[in-house]
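Here is the structure we will look at.
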Amino acid sequence: MTCQDRSFRARILLLISGSLIAAGTTAIGLYAFEAWSVAGTADQSMAFWMLPFLLGGLLLIGLGGVLLVFRRLLVNEENKRSEP
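When you line the sequence shown up against the numbering used here, it's residues 10 to 93, in that order.
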């Protein structure tokens with residue numbers, strides 16, 4: 010496996026993890042907005058039914074973080090192999 014392959018994989022992992030973190034943050038923001046908008050009304054069950062957005066957002070952010078760790082490990086391995 011060449012250095013360019015690892016560099017390409019590192020960039021792809023960064024792109025995917027960034028997308029997952031952005032999607033998770035958006036889902037949590039949507040849940041927070043919905044929960045805040047129904048906070049003073051009688052229809053607070055909507056915040057409960059939007060709970061999968063909160064949980065899904067946390068899951069996406071966690072997966073993005075794991076991919077960032079994998080990317081860091083890949084870059085560290087690449088740097089070790091390129092040292093004389």
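Glycine included, every Cβ here is placed at the ideal spot set by N, Cα and C.
query, result
"Whole-angstrom C-beta distance between residue 23 and residue 69, which should lie under 8 Å", "Incorrect: roughly 16 Å between the Cβ atoms, too far for contact."
"C-beta atoms of residue 26 and residue 90 nearer than 8 Å", "no"
"Coarse secondary structure for residue 47, derived from DSSP in three states", "coil"
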